[in-house]
Amino acid sequence: QVQLVESGGDLVQPGGSLRLSCVASGISIISNSMDWYRQAPGKGREWVATISSGSSTMYADSVKGRFTISRDGAKNTGYLQMNSLKPEDTAVYYCKVTGRITNYWGKGTLVTVSS
Numbered sequence: 002q003v004q005l006v007e008s009g010g011d012l013v014q015p016g017g018s019l020r021l022s023c024v025a026s027g028i029s030i031i032s033n034s035m036d037w038y039r040q041a042p043g044k045g046r047e048w049v050a051t052i053s054s055g056s057s058t059m060y061a062d063s064v065k066g067r068f069t070i071s072r073d074g075a076k077n078t079g080y081l082q083m084n085s086l087k088p089e090d091t092a093v094y095y096c097k098v099t100g101r102i103t104n105y106w107g108k109g110t111l112v113t114v115s116s
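Residue 33 in my numbering is what sits at position 32 of the sequence shown, and the numbering runs on without skipping anything.
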């Protein structure tokens, strides 16, 4: 079955960087589009970034220029490089892969940006 496992979340100071990973099994990270979402405490889930099966990338305005989405087919892993982090980036980050029939979600990894 399909499984997505995120990692890389941590406590980081404002201005710092983190790289999140999303290891996929049972589905190709290259043949399907992948998204990162986040959910801040007390708020709804928010879309962050997408990489399409054709490798086009899109970003929410709030992270454009600071975050980079990528993937490694050999490792079947997706990434979210996050630079210049702000306190408002604090959230649980989730990866999603769009399959032919349904979407698959990981369980999330917590990023806390605080001094």
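Note that beta-carbon positions come from the ideal geometry of N, C-alpha and C, so glycine has one too.
Taking V24 as part of the beta strand (DSSP E), name the residues at either end of that continuous run. Numbered from its first residue, the sequence shown carries residue 24 at position 23. Its beta strand (DSSP E) spans residues L19 to S26.
Paired residues, beta bridge with V98 - DSSP: Within the sequence shown, the letter at position 97 stands for residue 98. Among the bridge pairs identified by DSSP, V98 is matched with M35 and Y105.
With DSSP run on the structure shown, which of helix, strand or coil describes D90? As a working note, residue 90 is residue 89 in the sequence shown. The answer is helix: DSSP assigns D90 an H, G or I state.
Spell out the partners DSSP gives A50 in its beta bridges. Indexing the sequence shown from 1 puts residue 50 at position 49. A50 is bridged to W37 and Y60.
Identified DSSP bridge partners for I70: Looking up residue 70 in the sequence shown gives position 69. Answer is L81.
Using a Cβ-Cβ cut-off of 8 Å (strictly less than) and excluding sequence neighbours within five positions of A61, which residues of its own chain qualify? Position 60 of the sequence shown, counted from the start, is the residue given in the question as residue 61. Shown here for A61: same chain residues with a beta carbon closer than 8 Å to its own, the five before and five after excluded, namely E47, W48, V49 and A50 in chain order.
Euclidean distance between Cα positions of K97 and Y38: Translated into the one-based positions of the sequence shown, residue 97 becomes position 96. Translated into the one-based positions of the sequence shown, residue 38 becomes position 37. K97 and Y38: Cα-Cα distance of roughly 8 Å.
Counting pairs of Cβ atoms below 8 Å between the segment 56-71 and the segment 2-16, do you hit three or more? Note that the segment 56-71 does not touch the segment 2-16; fewer than 3 beta-carbon pairs, one per stretch, sit closer than 8 Å.
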